[in-house]
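Residue numbers (our numbering): -10 to 268. Note that the Cβ used here is the ideal one computed from N, Cα and C, for glycine as well. See structure below.
Written as C-alpha cells, this is what we have:
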C-alpha cells in the first residue's frame, strides 16, 4: 500500500518513490486515522457514496487493497513498442491456459490486469465493445487514451452509486496507436488513469517498481525489455518463474499487432544465457 500525502487515497501502483506502508504500519495508520470515529469507520466504509469526516472513501481504499493482493503485472514502453508481462497464480492441477492475465482488446491494444478476475473480464468485455464501436464510427483504431478514459468512466460510476461497489481491479493498457507511437496507461479501481513509461500493479509493485526505476531504458529492443520485465518480476515473485506461471505479450511499432508469446518462446527468455550455464 502506498501513500504520498496523508488524506489522499492510497494507490496500489508503483511508479515513483513514495512512502511504503507495511502490514504492521498499515494497521497503525488505520488505527490512528480512525481514532475519531472507530475502527469500522462508524459506517463510513459501508458505501462509496459516503465520505468520512476527514474526506476519505473507505470502500474505494478497500478496492485498491484488493489490487495489492493480486498477482503482479508489468508494462514497459520502449521506442520499438510495448511489452506486457503478468504472473499467474494457480492451484495444484489447474490447467495453466485457463488462467489469462493478459487479454487482447483490439489488433493494436492489449491489457494486463491485477485484482479480481471477474471484475477484469467485465471491463475487458466493455473495452472490446468500445473498440469495435469506435471503429464503426470513425473508421480508425481506437487510441489507447480514449480506451483508458472509457474504462475509467465505468469505474468512476461505481464510486458514486451506493447500490454498487468499486471494481477491484487495476489495468495496464498497452498499444501502438495509428500514429505509430507506443502508449502505456494504467487505470486504478476508482477511475483514475495516467500514462507511464513503465508500470507495475499488484502484490509486487513495490519491489518490482523500485527495480524498474533503476533499470528502465527507453532505447532498447523489445527482447531486451522482456528481459528487464522478467528481472523485475523476479524481484517480487515468491516462486520460480516458468512458462506456465508467466504470460508475455507485445505490440511492436513495425506491425502494430498484439502478439502473445508461446510457452516455448517464454522458456527461451527464462533460460540463462549460454555464458552463464554451468559446464
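Segment contact: the stretch 61 to 71 against the stretch 39 to 48, fewer than three CB-CB distances shorter than 8 Å; contact not assigned.
In the three-state reduction of the DSSP assignment, residue 63 falls in the strand class. Unbroken alpha helix (DSSP H) stretches of 4 residues or longer found wholly inside the stretch 38 to 107: 47 to 57, given in chain order. Rounded to the nearest whole angstrom, the CA to CA distance from residue 198 to residue 255 is 22 Å. Nearest Cα to residue 90 within the set 136, 96, 64, 97: 64. Listed as beta-bridge partners of residue 176 by DSSP are 160, 182. If you draw a straight line from the Cα of residue 92 to the Cα of residue 44, it is about 36 Å long. With 16 or more other CB atoms across the displayed protein chains lying within 10 angstroms of its CB, residue 196 is buried. Contact between residue 164 and residue 98 holds, since their C-beta atoms are separated by about 4 Å, short of 8 Å. CA-CA distance, residue 118 to residue 112, rounds to 10 Å. Of 193, 219, 203, the smallest CA-CA separation from residue 225 is found for 193.
For residue 237, the pairing in a beta bridge is given by DSSP as 74.
For residue 258, the enclosing alpha helix (DSSP H) stretches over residues 252 to 259.
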